[in-house]
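K.L.:
In UniProt numbering, the protein residues as written are 1 to 699. Beta carbons: idealized from backbone N, C-alpha and C, even for Gly. Nothing here was measured: the structure is a model prediction, and the numbers come from that model. Sharing a structure, written as structure tokens. Questions coming.
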Amino acid sequence: MKFDSVLMVDWSGGNDRGPTPKKDAIWACVAREGHPEDPLYFRNRHEAERWIATFLAQEQALNRRVLAGFDFAFGYPHGFGNALTGSDDPLALWDWFAERVVDTAKENNRFELAGEINSMFSGIGPFWGNGLKRDIAGLPRKGSLRTNTSFAERRSAEQTATRAFPVWQLSGAGAVGSQVIMGLPMLSRLRRKFSVSVWPFEPLENPITFIEIWPSLIAKTVAATQPPDRVKDAHQVLLMAKAVSGMPDDHLRKLLNVEPTAEGTIFGLNDPELLEMASQQTALTTPSLRNDCFAMPQGAHWTPVSVALQHLRDRLGPVTETETVALSQANGQFLAKDVIAARSHPPAPNAAVDGYGFAGYAPEGPHYMPLVAGRSAAGQPFHGVVPTGHAIRILTGANLPEGVDTVILQEDVNVSQNHIAFQGPLKRGANARDAGEDMKRGDVILAAGHKITPADLGTMAAAGVGHIHVRQQLRVGVLSTGDELCEPGTQAGVGQIFDANRPMLCAVASGWGYEVVDLGRAPDDRPKLRNILDDASQRCDVIISSGGASAGDEDHMSALLQGTGSLALWRIAMKPGRPLAMGLWNDTPVFGLPGNPVAAMVCALIFARPALRRLGGGAWHETEGYMLPAAFTKSKKAGRREYLRARIRDGQVHTFASEGSGRVSGLSWATGLVELGDPAQKVSSGDLVRFIPFGNFAL
Ligand code: AMP
Ligand code: MG
């Protein structure tokens with residue numbers, strides 16, 4: 001009974017609504033395990049149906065069970081279907097409509113069809129509500145003009161759902177009749193294409209289940225929680241999808257377990273809990289960080305870089321929610337789940353070259369084979385069997401026909417009208433690709449935590465994967481602190497310097513693929529900084545600040561984090577760098593980097609980069625470096641790691657003239673960092689040193 005994906009659709013019987021999302025159009029929302037994706041807008045039924053079909057195909061390929069809800073009646077009051085189709089099967093009525101409804105982008109025949117149906121019965125009705133200017137034969141404008149009494153006004157489901165409109169009314173505010181006529185043909189087509197069970201008409205045995213929904217059941221929650229920038233229809237389908245996908249299995253089972261009725265019924269009718277389930281906050285999939293996550297074991301006065309990194313690695317985890325995105329949206333995102341190949345690649349054995357296919361090993365010497373009529377080309381396979389000793393024309397990428405396992409290159413063959421001749425030897429299997437030799441269906445092709453590259457998009461596409469679970473983009477706030485700072489490009493007052501860190505760190509974080517929230521500059525003023533942090537913790541998943549991170553009088557960042565009980569002042573055995581202040585502000589992690597631009601940058605690369613990656617859902621990642629000969633000499637003390645601004649000329653590593661940590665221009669001069677390990681070291685010219693190009697830090 002468990003469903004992997006829930007799709008909720010708010011259908012429309014109206015005309016094309018144009019390209020910009022608006023109300024009273026078609027809206028759909030997918031949710032998994034209580035987590036809704038962004039609602040989707042469709043300007044017309046054609047686009048919506050096309051998308052739904054693609055979605056169902058995708059889910060089917062991934063072996064996911066789907067529960068799809070549509071907000072219109074699946075059946076009519078008792079006896080109507082039989083009167084039209086001669087059958088009591090409500091699905092026969094779906095097909096009946098599918099055969100008769102004409103729906104083009106510009107117009108459709110729903111009113112005419114309703115008029116024609118009315119004419120089949122004595123009296124006026126049951127349909128009414130001609131919404132057109134011109135009169136339609138047999139279709140009255142008012143319900144009160146009807147005289148036909150063959151069918152009930154309401155389905156029995158609507159005896160309880162008293163606010164629901166009868167299916168006979170085709171136009172006017174709130175009317176649903178048109179949606180039904182314009183919706184059932186779509187369901188009829190989808191049902192034929194996919195393995196669908198329709199509730200409550202059929203046993204729910206197929207991977208896809210269609211249910212009838214009525215968003216008014218959760219109207220109260222919709223009204224109470226609708227964000228101002230979201231259309232009501234969009235919010236309805238979102239809440240509905242969230243509620244149903246997050247529903248405990250036994251509850252869902254209970255709601256689906258109703259008496260079969262040819263009239264159809266409304267999912268969740270009379271369920272008091274549905275409203276409540278829609279209002280439940282989406283469960284956090286991600287545990288929040290512990291208050292002591294940055295606390296460093298006491299003892300060592302200076303913490304080695306490796307210990308500090310290990311600490312971040314152990315204590316940090318993803319803080320963002322997961323979402324499902326199409327491949328086109330996935331580049332640069334972190335995978336929230338392993339990706340499984342939905343199909344083997346290649347899906348079938350095929351030819352690696354243009355040539356001629358036959359069976360088996362061709363020993364040394366001349367070969368002469370009759371050609372089979374026909375050919376096998378990519379996308380146009382040959383369906384017959386190639387007899388032993390025969391060959392067939394085959395092109396690159398074409399499936400190997402039955403009886404073929406080997407292909408000879410066309411350049412190596414002499415061809416007559418119906419024979420080929422060539423010289424052996426040729427191994428069995430030459431120039432042929434095995435099914436699944438690249439990837440096998442069911443293989444994990446990419447692991448959770450991996451950052452998706454353009455190449456991965458190709459790999460996933462080839463393996464039939466169209467949608468994947470990723471982490472939502474991490475929102476990184478960047479803040480500079482200090483009374484001395486002013487904005488670059490403005491007039492600096494006496495004693496003022498330009499804020500160099502913020503533009504630099506914003507660009508770094510955005511280059512890492514995060515959403516950057518520029519938090520501006522904070523003065524050396526505790527209440528003001530507190531306000532800024534309060535606001536930032538609402539808008540960001542993590543805050544990176546620079547300056548004010550030591551334990552001095554004006555080091556307000558450390559002082560404020562101290563007040564939360566979460567402050568950890570890391571004294572790291574590293575140059576450049578002073579203490580790193582880390583803590584949580586309203587559960588939002590804060591990385592307080594040193595103020596000096598060079599130290600801020602190096603600490604960002606060495607510590608913030610892996611930390612943000614973990615917070616954003618990435619796997620831990622060691623930055624690679626290369627051993628290259630030094631073009632410099634240097635002797636360093638034991639007990640700390642040093643990073644020097646460096647660049648490569650003629651295969652040798654040159655370092656920047658000054659190690660001063662305020663000399664930001666050296667960062668521009670450099671193309672990477674030299675990393676000298678913790679022990680004492682004397683570097684002579686020509687010694688191998690570890691160079692890490694900025695590119696390896698994803699700069
Ligand atoms: P602090 O860590 O606040 O004591 O700052 C250390 C040094 O870095 C001081 O010389 C600050 O003026 C300088 N500094 C702090 N923030 C920035 C910044 N955003 N841009 C340039 N220099 C800064
Ligand atoms: Mg300062």
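Taking only runs of the alpha helix (DSSP H) that begin and end inside the region 144-171, which ones reach a length of at least 4 residues, in chain order?
P.N.:
If we require 4 residues or more, the alpha helix (DSSP H) runs fully inside the region 144-171 come out as 157-160.
K.L.:
Given the structure, does P503 come close to the ligand AMP, in the sense that its CB is under 7 Å from one of the ligand's heavy atoms?
P.N.:
For the purposes of this step, residue 503 is identified with residue 503 of the sequence shown, where counting begins at 1. Answer for P503: no, Cβ out of range of the ligand AMP.
K.L.:
Between the Cα of I692 and the Cα atoms of A646, E402 and P679, which residue gives the shortest distance?
P.N.:
Taking the sequence shown and counting its residues from 1, the one referred to as residue 692 is at position 692. The residue with the shortest Cα to Cα distance from I692 is A646.
K.L.:
What are the start and end residues of each continuous beta strand (DSSP E) run of 3 or more residues lying completely inside the region 32-82, in chain order?
P.N.:
Runs found: 40-42 and 66-70.
K.L.:
State the CB to CB distance for the pair E212 and F74, rounded to an integer number of angstroms; the pair is presumed to be in contact (CB under 8 Å).
P.N.:
Translated into positions along the sequence shown, residue 212 becomes position 212. Translated into positions along the sequence shown, residue 74 becomes position 74. Indeed they touch by this definition, with Cβ atoms about 5 Å apart.
K.L.:
Within a Cβ cutoff of 6 Å, which residues of the same chain sit near residue 737, ignoring the five residues on either side of it in sequence?
P.N.:
Summary: the structure shown does not reach residue 737, with the chain confined to residues 1 through 699, and so no result is reported for it.
K.L.:
Within a Cβ cutoff of 8 Å, which residues of the same chain sit near F165, ignoring the five residues on either side of it in sequence?
P.N.:
Counting from one through the sequence shown, the residue named residue 165 turns up at place 165. Correct list, in chain order: G174, A175, V176 and G177.
K.L.:
Over what stretch of residues does the beta strand (DSSP E) that includes G357 continue unbroken?
P.N.:
Position 357 of the sequence shown, counting from 1, holds the residue named residue 357. Looking at the DSSP string, the run of the beta strand (DSSP E) that includes G357 is G355 to F358.
K.L.:
If R539 and R475 are in contact, beta carbons under 8 Å, what's the gap, nearest whole angstrom?
P.N.:
Position 539 of the sequence shown, counting from 1, holds the residue named residue 539. Position 475 of the sequence shown, counting from 1, holds the residue named residue 475. Contact holds; Cβ gap of about 7 Å.
K.L.:
Determine the closest residue to G138 out of F127, G131 and L132, with distance taken between C-alpha atoms.
P.N.:
Counting from one through the sequence shown, the residue named residue 138 turns up at place 138. The candidate whose alpha carbon is nearest that of G138 is F127.
K.L.:
Within the same chain, show all residues whose beta-carbon is closer than 7 Å to that of T282, passing over the 5 residues directly before and after it, in chain order.
P.N.:
Numbered from its first residue, the sequence shown carries residue 282 at position 282. Residue placement at T282 is poorly supported in this model, since its pLDDT is 48, which falls under 50; the coordinates still yield a value, given next. Closer than 7 Å at Cβ, skipping near neighbours: G34, H35 and K242.
K.L.:
By the three-class DSSP mapping on this structure, what secondary structure does A630 have?
P.N.:
The residue you call residue 630 lines up with position 630 of the sequence shown. A630: strand per DSSP, three-state reduction.
K.L.:
In chain order, what residues of the same chain lie with their CB nearer than 7 Å to the CB of L274, ignoring the 5 residues before and after it?
P.N.:
Counting from one through the sequence shown, the residue named residue 274 turns up at place 274. Cβ within range, chain order: L217, I218, A243 and G268.
K.L.:
Taking a contact to mean a Cβ-Cβ separation below 8 Å, would you say V590 touches I543 in this structure?
P.N.:
To locate residue 590, count along the sequence shown from 1; it is residue 590. To locate residue 543, count along the sequence shown from 1; it is residue 543. In contact: V590 and I543 (Cβ atoms closer than 8 Å).
K.L.:
So within the region 392-476, which uninterrupted beta strand (DSSP E) runs reach at least 3 residues, ignoring any that extend past its ends?
P.N.:
For the region 392-476, whole beta strand (DSSP E) runs of length 3 or above, ordered along the chain, are 406-409, 419-426, 444-446 and 467-471.
K.L.:
Judging by CA-CA distance, which residue of R471, G365 and A462 is the nearest neighbour of F422?
P.N.:
Position 422 of the sequence shown, counted from the start, is the residue given in the question as residue 422. With distances taken between Cα atoms, F422 lies closest to G365.
K.L.:
Which same chain residues, not among the five before or five after A362, have their C-beta less than 8 Å away from its C-beta?
P.N.:
Position 362 of the sequence shown, counting from 1, holds the residue named residue 362. T406, I408, F422, G424, P425 and L426.
K.L.:
Within the continuous alpha helix (DSSP H) that includes F111, where are the two ends?
P.N.:
Within the sequence shown, the letter at position 111 stands for residue 111. Element bounds for F111: R110 to S119.
K.L.:
Would you kindly work out how many angstroms separate the C-alpha atoms of H251 and L67, rounded to a whole number?
P.N.:
For the purposes of this step, residue 251 is taken as the residue at position 251 of the sequence shown. For the purposes of this step, residue 67 is taken as the residue at position 67 of the sequence shown. Rounded to the nearest angstrom, the two C-alpha atoms are 14 Å apart.
K.L.:
If you drop the 5 nearest sequence neighbours on each side, which residues of the same chain put their C-beta closer than 6 Å to that of V443?
P.N.:
The count along the sequence shown starts at 1 and reaches residue 443 at position 443. Looking at the sequence itself, residue 443 is Asp, so the reference to Val does not match. Around D443: A341.
K.L.:
Closest to A234 by CA distance: which of T20, P454, G357 and D10 is it?
P.N.:
Taking the sequence shown and counting its residues from 1, one reaches residue 234 at position 234. Measuring from the Cα of A234, the nearest candidate turns out to be D10.
K.L.:
Closest by CA to P215, which one among C603, P228, Q236 and A224?
P.N.:
Here residue 215 is taken as the residue at index 215 of the sequence shown, counted from 1. Of the candidates C603, P228, Q236 and A224, the one whose C-alpha sits nearest the C-alpha of P215 is Q236.
K.L.:
Measuring straight from C-alpha to C-alpha, what distance separates S195 and F607?
P.N.:
Walking along the sequence shown from the start, residue 195 turns up at place 195. Walking along the sequence shown from the start, residue 607 turns up at place 607. Going from the Cα of S195 to the Cα of F607 covers about 51 Å.
K.L.:
Looking only at C-alpha atoms, which of T149, G666 and N696 sits nearest to V598?
P.N.:
By one-based count along the sequence shown, residue 598 stands at place 598. Taking only the C-alpha atoms, the option nearest V598 is G666.
K.L.:
Let's test the definition: count the other Cβ atoms within 10 Å of the Cβ of N130 and tell me whether it reaches 16, buried, or not, exposed.
P.N.:
Numbered from its first residue, the sequence shown carries residue 130 at position 130. N130 comes out buried.
K.L.:
Give me the Cα-Cα distance between T286 and P318, rounded to the nearest whole angstrom.
P.N.:
Numbered from its first residue, the sequence shown carries residue 286 at position 286. Numbered from its first residue, the sequence shown carries residue 318 at position 318. The predicted model places T286 with a pLDDT of 49, which falls under 50 and marks its position as unreliable, so this point remains unresolved.
K.L.:
Tell me where the alpha helix (DSSP H) around D24 begins and ends.
P.N.:
Residue 24 sits at position 24 when you count from the first residue of the sequence shown. Run containing D24: none; DSSP gives neither H nor E here.
K.L.:
Per the contact definition of three or more C-beta pairs closer than 8 Å, is the region 433-440 in contact with the region 307-325?
P.N.:
With the cut-off at 8 Å, the region 307-325 and the region 433-440 do not touch.
K.L.:
From T564 to C293, what does the alpha carbon distance come to, in whole angstroms?
P.N.:
Here residue 564 corresponds to residue number 564 of the sequence shown, with the count starting at 1. Here residue 293 corresponds to residue number 293 of the sequence shown, with the count starting at 1. Taking the straight line from one Cα to the other gives about 13 Å.
K.L.:
By a C-beta neighbour count over all protein chains shown, 10 Å radius and 16 as the cutoff for buried, is K682 buried or exposed?
P.N.:
The residue labelled residue 682 in the question sits at position 682 within the sequence shown. Looking at its Cβ environment, which holds fewer than 16 other Cβ atoms inside 10 Å, K682 is exposed.
K.L.:
What's the call for T147, buried or exposed, on a 16-neighbour Cβ count within 10 Å?
P.N.:
The residue given as residue 147 occupies position 147 in the sequence shown. T147 should be labelled exposed.
K.L.:
Would you kindly work out how many angstroms separate the C-alpha atoms of A680 and E642, rounded to a whole number?
P.N.:
Numbered from its first residue, the sequence shown carries residue 680 at position 680. Numbered from its first residue, the sequence shown carries residue 642 at position 642. Going by the C-alpha atoms only, they are around 11 Å apart.
K.L.:
Does the region 336-356 come close enough to the region 461-481 to have 3 or more Cβ pairs within less than 8 Å?
P.N.:
The answer is yes - the region 461-481 touches the region 336-356, with three or more Cβ pairs under 8 Å.
K.L.:
Which residue comes first and which comes last in the beta strand (DSSP E) that contains V325?
P.N.:
Taking the first residue of the sequence shown as position 1, residue 325 is located at position 325. V325 -> beta strand (DSSP E) spans T322 to A326.
K.L.:
Report back the beta-carbon spacing between M627 and R690 to the nearest angstrom; my notes put them in contact at under 8 Å.
P.N.:
For this step, residue 627 is matched to residue 627 along the sequence shown. For this step, residue 690 is matched to residue 690 along the sequence shown. Confirmed, about 6 Å.
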